[in-house]
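Quick note, the sequences are listed as chains A and B, same order. Just so you know, we're using our numbering here: the first sequence kicks off at 0 and counts up by one. Just so you know, we're using our numbering here: the second sequence kicks off at 213 and counts up by one.
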Amino acid sequence: MDHPIKRDHSRFRKIVKGRVRENLRKYISQGQQIIPKGTDKFTVPMPQIDTPRFKFGDKSQGGMGQGDGKPGDPVDGQQDPNGQPGQGEAGEGEGSKELEVELSVEELAQILGEELALPNIEPKGKKSIHSQVDRYTTVGNVGPDSLKHLKRTYKQALKRQVSMGTYDPNNPTVIPNRADYRYRAADTKVENQNAAVVIYMMDVSGSMGDEQKEIVRTESFWINLWLKSQYKDIDIRYIIHDATAKEVDENTFFRTRESGGTLISSAYTLCKQMIQADYNPNEWNIYPFHFSDGDNWSADDTKLCLQLLDEFIIPSSNMFCYGQVESRYGSGQFYKDLNAKYSDKNSEVILSKIKNKDGILDSIKEFLGKGK
Amino acid sequence: MEMRSSPIKGKLRDLQIEIEGYAKEFGLDFFPQIFEMCDYDTINILAAQGGFPTRYPHWRFGMEYDQLSKGYRYGLQKIYEMVINTDPCYAYLLQVNNWVDQKIVMAHVYGHNDFFKNNMWFRTTNRKMMDVMANHGTKIRRYMEKYGVDKVEAFIDRVLSLENLISVNEMFETQEIKRHRRELNEQARTESEDDYVNDDRSEALKSFMRTKKRGEDLRDYEKKSKEDHKELVLPKKIPPKPERDLLQFLVNFAPVEEWQADIIGILREESYYFLPQRLTKIMNEGWASYWHSTIMTQRALDASEIVDFADKHAGVMAMSRQQMNPYKVGIELMRDIEHRWNTGKFGKEYNECQNMSEKNNWDLKLGKGREKIFEVRKTHNDISFIDEFLTPEFCQRQQLFTYKYNPRTGRYEIDHRDFLGIKSKLLAQLTNFGSPMIEVDDANFKNRGELLLVHRHSGVDLDMNYASETLKNLFHIWTRPVNIRTKFDEKEVVFHFDGKEMKPLH
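Structural data, given as structure tokens:
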């Protein structure tokens with residue numbers, strides 16, 4: 000049985016998750032507060048969860064220190080009101096340290112899902128991919144040394160010694176022999192797998208400023224998070240475009256700034272090629288996201304875009320999402336053009352306008368709220 | 213619950229016997245000492261639970277555990293030792309510590325043990341607290357089963373918020389004073405109750421009824437006095453005089469259910485148990501450090517261990533510019549007292565001596581140092597310890613200073629090195645174990661059954677955000693609006709909390 004403190008610990012985790020949920024809007028609109036840690040964990044900073052008590056207001060109080068220095072010398076950067084690490088007598092000490100909470104992808108996604116009332120995604124009814132998974136669930140008599148199960152081995156040796164009468168309680172030495180060795184063994188299971196690919200396209204022409212990109216970055220973080228929690232395997236591809244389009248890695252995606260004009264069709268064409276090359280729509284759940292400030296070079300190009308969407312992108316995708324980030328320079332015309340064609344009745348296309356950082360949460364809800 | 217620690221044996225047990233021998237030789241007087249060995253996870257659990265293997269279920273133990281475990285994992289902090297005030301005295305050793313560490317810890321623990329047993333502020337603590345804590349756990353778990361985990365935990369949260377509102381004096385009340393006080397309370401009660409019938413209604417309900425009844429009484433009196441022009445006699449105030457033990461007051465007078473009253477009582481008992489440790493932090497650590505240092509350097513240390521010992525000792529004694537290190541100040545003050553009483557550097561003659569070199573070389577060869585510090589460890593707490601033994605020479609030698617916040621630079625800066633300033637700052641920090649002094653003044657404030665607290669302002673304002681949240685918790689227990697009279701920005705003000713928000717009363 001686990002120590003009861005594990006239950007206290009999970010109560011604490013529950014409270015923490017509640018806090019994250021309460022402050023989700025803040026976390027989202029302030030962007031970078033949530034720090035990915037490894038591939039499947041995040042660190043969320045939050046103020047210490049304090050039991051409120053009557054206490055003195057801090058700043059006026061000052062304190063006492065030891066060491067050299069003249070009056071007026073700073074006592075060093077930030078004041079640290081906590082005891083030295085590891086020394087405090089237990090049962091006291093109320094610090095105001097920051098709490099760093101680790102949450103897994105699933106936990107964070109669950110919070111997002113509950114807060115936005117997001118429906119679970121129903122994967123397309125197309126053929127799933129099968130994959131073989133090895134899990135070490137059993138114990139066997141043969142195996143490599145690296146998988147040796149010491150506890151079982153010694154247990155086996157002890158059993159043998161006891162039954163043979165060679166075990167001496169006064170000198171409890173247990174020596175396993177070859178036949179006692181036990182190894183962890185793998186069970187191979189076939190698992191159904193839903194695979195998904197997210198293709199982000201972004202306009203990087205001059206009119207998309209840093210703030211706009213920041214919004215896209217935050218939004219894509221949460222979209223990825225949600226989709227990762229819904230699909231076992233997920234590919235993420237990035238396309239930037241101005242008058243031409245190219246595929247880039249994540250870092251370049253958010254950093255590149257070009258000055259040229261804008262031909263959205265270039266991105267859509269590349270997206271189409273990408274899908275044709277790598278992602279058979281029968282096997283993959285495909286999510287193209289396009290972010291721009293709504294400027295396109297010409298009405299002709301817009302026409303070409305609509306044609307690409309109609310003929311290929313929309314039929315092969317779960318949904319096509321267009322997010323328009325408001326900028327000082329953008330006309331927002333592209334949204335109007337899309338909206339004229341795909342207004343609400345067509346649920347494969349989702350359009351969203353993101354005014355500023357505070358609009359991110361609502362926009363995420365628009366994109367993901369349909370469970371597709 | 214089975215604890216994942218085991219008694220020490222073999223070489224470590226021999227070491228304990230050796231160290232215990234030295235401790236006895238030096239005249240330390242301690243409870244039987246039990247050392248248990250555990251791994252870091254177990255010591256983190258114990259530390260999170262205030263040193264006790266079993267506590268009541270509460271999320272904050274989980275939070276402590278979370279942080280301790282992380283601190284250990286990232287190598288930021290490590291708990292070396294853990295000792296609790298019980299008879300026999302339990303202490304825990306960390307498995308991964310090396311031999312010298314274990315030696316230091318053992319010597320240190322004997323110092324704490326002696327302090328627990330002899331310091332008068334610990335005299336009334338329950339030495340069977342391990343059992344008491346376990347019982348508290350059982351009781352509260354039972355309440356959780358009956359009333360629901362969320363409900364009980366939420367109530368505990370509320371009470372914890374008031375946990376520091378207890379009275380230091382309470383620990384020193386003799387039976388007689390206790391009886392007298394109880395009588396006073398009873399008197400106040402019965403006077404306001406008058407013809408109150410004894411029935412089986414709960415104490416909680418009764419106290420609530422009393423509050424209501426007082427209002428009616430008053431109206432009756434008014435009516436009567438109008439009728440027969442009798443003198444108006446107001447019922448006595450509750451509490452008769454300001455009361456610092458708010459938790460006890462709530463048990464007596466708040467309209468709580470029986471299980472709630474029990475939980476308040478449980479948390480109050482635990483709070484009082486930990487109180488002496490908060491009152492003697494500097495002395496206790498100073499005393500234990502004095503003894504680990506003395507035992508190690510004069511007896512237990514092997515020549516090959518000196519560097520390791522010096523390293524560990526220096527780590528514990530490290531000075532900080534932002535904070536007073538109780539270990540450092542404690543041990544140095546103990547040594548200073550020892551030195552002064554060895555040489556006779558105290559008393560009228562020494563103090564009035566004007567010749568500095570004579571003062572420096574003052575030595576009456578009294579040799580009473582050891583005896584004096586044993587006496588000090590028995591009768592003092594941190595406040596009287598600092599008040600009586602802190603000297604200008606000591607402050608200078610220890611490079612003590614005070615610092616304050618400079619709003620212009622936004623930093624904390626050294627203020628001064630003036631002896632009296634340092635002393636009063638230290639004392640202020642220690643007064644009422646560092647908490648604001650708050651008393652219950654009136655349970656029927658404005659004759660509306662509202663509660664009035666009074667903050668004895670001593671120069672530093674309350675943190676108003678915390679005050680508001682705390683009043684909110686109190687409101688839920690008292691179930692009527694609660695008020696606190698304090699000073700804010702140099703002005704007397706009564707803050708009123710009506711269940712929704714806190715605002716000043718005009």
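Virtual Cβ for every residue (Gly too), placed ideally from N, Cα, C. Only a predicted model underlies this, so the values are computations on that prediction, with no experimental measurement involved.
- When 8 Å is used as the limit between beta carbons, residue 275/A is near no residue of chain B, the shortest such separation being about 48 Å.
- Beyond the five residues adjoining it in sequence on each side, residue 264/A comes within less than 6 Å, by CB distance, of 300, 303 and 304 in the same chain, given in chain order.
- Interface criterion not met: the Cβ of residue 45/A is under 8 Å from no Cβ in chain B.
- Pairing residue 487/B with residue 337/B, the inter-Cα distance amounts to about 9 Å.
- Chain A has no Cβ within less than 8 Å of the Cβ of residue 688/B.
- Residues of the region 7-23 of chain A that bring their beta carbon within less than 9 Å of a beta carbon in chain B comprise 7, 8, 9, 10, 11, 12, 13, 14 and 15, in sequence order.
- If you keep only unbroken beta strand (DSSP E) runs of at least 3 residues inside the region 241-315 of chain A, you get 244-247 and 283-291.
- Using a CB distance cut-off of 8 Å, residue 501/B does not count as an interface residue toward chain A.
- Following the DSSP letters along the chain, one finds residue 195/A in no alpha helix (DSSP H) but inside the beta strand (DSSP E) bounded by residues 194-202.
- Residue environment for residue 497/B: buried (at least 16 other C-beta atoms within 10 angstroms of its C-beta).
- For residue 304/B, the uninterrupted beta strand (DSSP E) run begins and ends at 301-306, by DSSP.
- What residue 681/B touches in chain A, judged by beta-carbon distance under 7 Å, is 51, going in chain order.
- Using a Cβ-Cβ cut-off of 8 Å, residue 118/A does not count as an interface residue toward chain B, since no Cβ of chain B sits closer than that to its own.
- Here DSSP, grouped into helix, strand and coil, assigns residue 456/B to coil.
- In terms of Cα proximity to residue 601/B, the closest of 613/B, 587/B and 614/B is 587/B.
- Residue state for residue 607/B is assigned as helix, using DSSP reduced to three classes.
- Around the beta carbon of residue 38/A, a 10 Å sphere encloses fewer than 16 other beta carbons of the protein chains shown; the residue is thus reported as exposed.
- The way I'd put it, the region 284-304 of chain B does touch the region 252-263 of chain B; three or more beta-carbon pairs between them come closer than 8 Å.
- For residue 224/B, the closest C-alpha among the options 247/B, 238/B and 240/B is that of 247/B.
- By the C-beta density criterion, residue 655/B is buried, having at least 16 other C-beta atoms within 10 angstroms.
- The contact set of residue 72/A on chain B, defined by CB atoms closer than 7 Å, consists of 625 and 626 in chain order.
- With a beta-carbon spacing of about 15 Å, residue 491/B and residue 375/B fall beyond the 8 Å limit used to define contacts.
- Around residue 67/A, the beta-carbon contacts reaching into chain B at under 8 Å are 611.
- If you check the CB distance, residue 512/B and residue 234/B come in under 8 Å.
- Just so you know, the alpha carbons of residue 286/A and residue 24/A end up roughly 24 Å apart.
- The beta carbon of residue 216/A lies closer than 7 Å to those of 253 in the same chain, with the five residues before and after it left out.
- Residues of chain B whose Cβ lies closer than 8 Å to the Cβ of residue 54/A are, in chain order, 647, 648, 674, 675 and 678.
- For the pair residue 449/B and residue 665/B, the Cα-to-Cα distance works out to about 14 Å.
- Any Cβ of chain B closer than 8 Å to the Cβ of residue 37/A would place that residue at the interface, and such an atom is absent.
- Contact note: residue 63/A reaches chain B through 535, 536, 612, 613, 614, 615, 634, 637, 638 and 641, using a C-beta cutoff of 8 Å and chain order.
- Rounded to the nearest whole angstrom, the CA to CA distance from residue 366/A to residue 475/B is 49 Å.
- Counting the other CB atoms within 10 Å of its CB gives residue 322/A a total of 16 or more, which places it among the buried residues.
- In this structure residue 258/A is exposed. Its beta-carbon is surrounded by fewer than 16 other beta-carbon atoms within 10 angstroms.
- By the CB criterion at 8 Å, residue 65/A and residue 636/B fall outside the cutoff.
- Chain order gives the chain A residues near residue 260/B as 4, where near means a beta carbon separation below 7 Å.
- For residue 331/B, the secondary structure class from DSSP, reduced to helix, strand or coil, is coil.
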